[in-house]
Ligand code: ADP
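Residue numbers (the numbering used here): 12 to 407.
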């Protein structure tokens with residue numbers, strides 16, 4: 012039986028079709044809402060193909076996906092699909108695990124209010140329910156894995172009523188990725204997850220770290236929203252909150268303008284003035300560009316400080332796990348980060364690090380107190396696994 016994984020972004024739809032553990036097809040519809048949406052699809056063992064057409068909304072994109080899954084002879088009838096797994100960025104305070112889509116999920120107003128930009132995940136669920144009404148649907152929340160954080164980690168020192176009334180607290184994101192790579196790290200270390208402590212570093216366009224103690228997340232760098240934490244492609248990460256009001260006054264910016272500035276114009280792009288793509292910044296740093304060099308230092312430093320803090324709260328760390336675009340593919344950034352951590356007993360094998368790009372590998376030197384692993388993340392695979400687990404649990 013097939014599991015279909017759907018990931019709706021603000022103007023995109025990503026999907027992957029799994030048969031048992033195997034990915035048999037995937038696709039991406041970009042620029043949804045325009046006359047020139049691009050639909051790229053890939054069937055295992057065949058050449059990728061791309062079409063340009065008008066796709067007004069996500070419902071149409073899902074219809075298109077179903078039509079082509081049929082044409083490619085992968086899904087002949089809706090019943091061929093055992094279940095649909097949806098990536099949902101924000102689950103709010105009430106979901107500590109992935110969940111079967113029911114009224115509780117569909118009416119998750121708190122999460123919709125907290126993450127207006129991610130409402131589209133819920134729109135995707137509604138569209139899939141319309142087109143595949145008989146198939147069970149599962150919501151896999153990015154926030155769920157972090158729900159094991161203790162209150163001392165997720166509570167902001169604001170007047171307490173903002174927590175009770177508005178549910179303002181730390182939630183954390185990328186949970187599916189942190190969960191996958193931490194479980195995989197345990198397998199690679201030949202231990203059960205319950206016996207190890209790891210710090211997972213999901214470093215992509217958006218980045219977050221998680222402190223995982225005996226399989227449970229006890230802290231993570233993103234907060235109420237994915238703006239907090241380490242320096243990212245275009246997001247500032249942690250800053251003095253007073254900067255917000257200062258900028259509003261000095262530059263006459265509205266709340267929406269400051270939000271836009273912190274989310275879209277800051278981070279690697281803001282400091283370097285070059286790009287949000289770290290590859291460009293690394294290239295310019297290599298040519299001697301001072302801002303590019305500074306940007307790399309600011310980035311690595313912000314990550315090192317989190318590792319130091321998480322090392323302290325975990326009470327011992329078995330492994331650092333690098334994942335996502337930068338973590339998987341940039342030996343240079345991994346080295347910059349690890350070079351500052353000798354005090355913790357972190358020793359990188361420079362040769363292994365250099366050769367490891369987008370593959371699963373241990374890159375620490377002999378005698379390193381803390382192992383260093385590179386593990387490519389597999390969020391879609393993890394969502395499929397979660398979907399299977401939840402529907403089997405529901406059948407019991
Ligand atoms: P997203 O967070 O959008 O899922 P990814 O995890 O794919 O993104 O990460 C994308 C980012 O990874 C790019 O913006 C780029 O900065 C970075 N990246 C990808 N390849 C490399 C590389 N070889 N060296 C440095 N950075 C890289």
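Note that CB positions come from ideal geometry on N, CA and C, so glycine has one too.
Quick one: what does DSSP say residue 266 is sitting in, helix, strand or coil?
helix
In the structure shown, what three-state DSSP assignment does residue 409 receive?
Only positions 12 to 407 of the chain appear in this structure, which leaves residue 409 out of reach.
Collect the residues with a C-beta less than 5 Å away from any heavy atom of ligand 1 and give them in sequence order along the chain.
215, 216, 217, 288, 289, 290, 335, 336, 337, 340, 341
Using a Cβ-Cβ cutoff of less than 7 Å, which residues in the same chain neighbour residue 276 once the five nearest sequence positions on both sides are dropped?
245
Using 8 Å as the limit for Cβ to Cβ distance, is residue 71 near chain B?
Included in the structure is just one protein chain, with no chain B present.
Going by beta-carbon coordinates alone, are residue 329 and residue 229 separated by less than 8 Å?
no
When you compare the CB positions of residue 157 and residue 231, do they come within less than 8 Å of one another, or not?
yes
Local Cβ density within 10 Å of residue 326, reported as buried at 16 or more and exposed below that:
exposed
Quick one, are the C-beta atoms of residue 103 and residue 119 less than 8 Å apart?
yes
Using DSSP with H/G/I as helix, E/B as strand and the rest coil, what is residue 188?
helix
Within 10 angstroms of the Cβ of residue 263, are there 16 or more other Cβ atoms? Answer buried if so, exposed if not.
exposed
Given 8 Å as the limit, is there contact between the stretch 184–195 and the stretch 309–318, that is, 3 or more CB pairs closer than that?
no
Thinking just about the alpha-carbon of each residue, which of 358, 385, 386 is nearest to the one in residue 377?
358
Taking the C-alpha atoms as reference points, what is the distance between residue 278 and residue 394?
29 Å
Measure the C-alpha to C-alpha separation of residue 92 and residue 85 and round it to an integer number of angstroms.
10 Å
Enumerate, from N- to C-terminal direction, the unbroken beta strand (DSSP E) stretches of 3 or more residues contained entirely within the stretch 14–53.
24–30, 33–41
Could you compute how far the alpha carbon of residue 37 sits from the alpha carbon of residue 169?
44 Å
Using only the alpha-carbon positions, how far apart do residue 308 and residue 173 sit?
36 Å
Can you tell me whether residue 81 is helix, strand or coil according to DSSP?
helix
Taking a contact to mean a Cβ-Cβ separation below 8 Å, would you say residue 34 touches residue 52 in this structure?
no
So what's residue 356 in DSSP terms, helix, strand or just coil?
coil
C-beta atoms of residue 24 and residue 69 nearer than 8 Å
yes
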